[in-house]
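Working notes, beginning with the structure itself.
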Amino acid sequence: NAGVTQTPKFRILKIGQSMTLQCAQDMNHNYMYWYRQDPGMGLKLIYYSVGAGITDKGEVPNGYNVSRSTTEDFPLRLELAAPSQTSVYFCASNGRVGANEKLFFGSGTQLSVL
Amino acid sequence: GENVEQHPSTLSVQEGDSAVIKCTYSDSASNYFPWYKQELGKRPQLIIDIRSNVGEKKDQRIAVTLNKTAKHFSLHITETQPEDSAVYFCAVDYGGATNKLIFGTGTLLAVQP
């Protein structure tokens, strides 16, 4: 298993541009998450999904959108990039409906908005 | 609301000493409390977790204790080694069956040789 795969690893955006961060997992996990980590700070939950077709807001959803059309993929969309969205973005997944399991993290996407 | 407070934000210890990091949470319905370690430039990795039906769990040099009444839990690292130097995050599940994990703000642990 490749685990959780995120692309791209690095990206520089100009203010107002849009982009999609890709996330895919091959572990047949129902639950997927997007976190952002600002420099020297903790992980903030942006959006999460408990299964295909179901998404919900986390702690800091403003400026982002997600979709979950398949179990494997959970892309994160930035519509109008702002400097405040400069951060490292981690996608994560875990499994087993109704039970808690450890999070498997992707390697992260470092995004700079200038 | 969904809140996880973590202290201290930085911790410096001598090699061989013990380190303790504490987290408090607000939802008495939470029942899963993991700890993650993040080395510089790497992704977070689970090091230990505890569920609400136990008060303590140990794995070699690391242990976690949980006080559900007071709504706090702690990470204990004994006989610290330089390779323990990293940022440690606690997390709490908020949202019942949705398994939504909210993280603390992190503790930078520096183990001095």
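These protein sequences, in sequence, are chains H and B.
If you're matching positions, the first sequence starts at 1 in this note's numbering and goes up one per residue.
If you're matching positions, the second sequence starts at 1001 in this note's numbering and goes up one per residue.
Cβ atoms here follow ideal geometry from the backbone N, Cα and C, with glycine treated the same way.
Does any residue of chain H bring its CB to less than 8 angstroms from the CB of G1106(B)?
yes
List the DSSP bridge partners of N1034(B).
Looking at the sequence shown, residue 1034(B) is not Asn but Pro. Its beta-bridge partners are D1049(B).
Run through DSSP, which three-state label would Q110(H) get?
strand
Check each residue of the segment 39–51 of chain H: if its Cβ is closer than 7 angstroms to any Cβ of chain B, include it; give the result in chain order.
M41, G42, L43, L45, Y48 and V50
How would you label G1106(B), buried or exposed, when you count the other beta carbons within 10 angstroms and need 16 or more for buried?
buried
Since I1102(B) meets chain H, which of its residues come closer than 8 angstroms, beta carbon to beta carbon?
L45 and E59
Quick one: what's got a C-beta closer than 6 angstroms to F1089(B)'s C-beta in the same chain, skipping five residues either side?
Y1036, F1103, G1104 and G1106
C-alpha distance - N30(H) paired with T5(H), whole-angstrom precision:
16 angstroms
Near-chain H residues of the segment 1054–1075 of chain B (beta-carbon distance less than 7 angstroms), N- to C-terminal order:
none
Tell me whether D1017(B) sits in a helix, a strand or coil according to DSSP, three-state version.
coil
How would you label F10(H), buried or exposed, when you count the other beta carbons within 10 angstroms and need 16 or more for buried?
exposed
If G1051(B) sits next to Y1025(B), beta carbons under 8 angstroms apart, how far is it from one beta carbon to the other, in whole angstroms?
What sits at residue 1051(B) in the sequence shown is Arg, not Gly. Not quite, the Cβ-Cβ distance comes to about 14 angstroms (not below 8 angstroms), so this is no contact.
Just reading off the beta strand (DSSP E) that M32(H) is part of, what are its end residues?
Y31 to Q37
Closer than 8 angstroms by beta-carbon distance: list the chain B residues that pair up with N108(H), in chain order.
Reading off the sequence, residue 108(H) comes out as Gly, not Asn. Here the neighbours are R1043.
Which residue from L1101(B), V1087(B) and K1042(B) puts its Cα closest to that of S1012(B)?
V1087(B)
Separation of K102(H) from I1062(B), as counted between CA atoms
17 angstroms
So is I54(H) buried or exposed if we call it buried at 16+ other beta carbons inside 10 Å?
exposed
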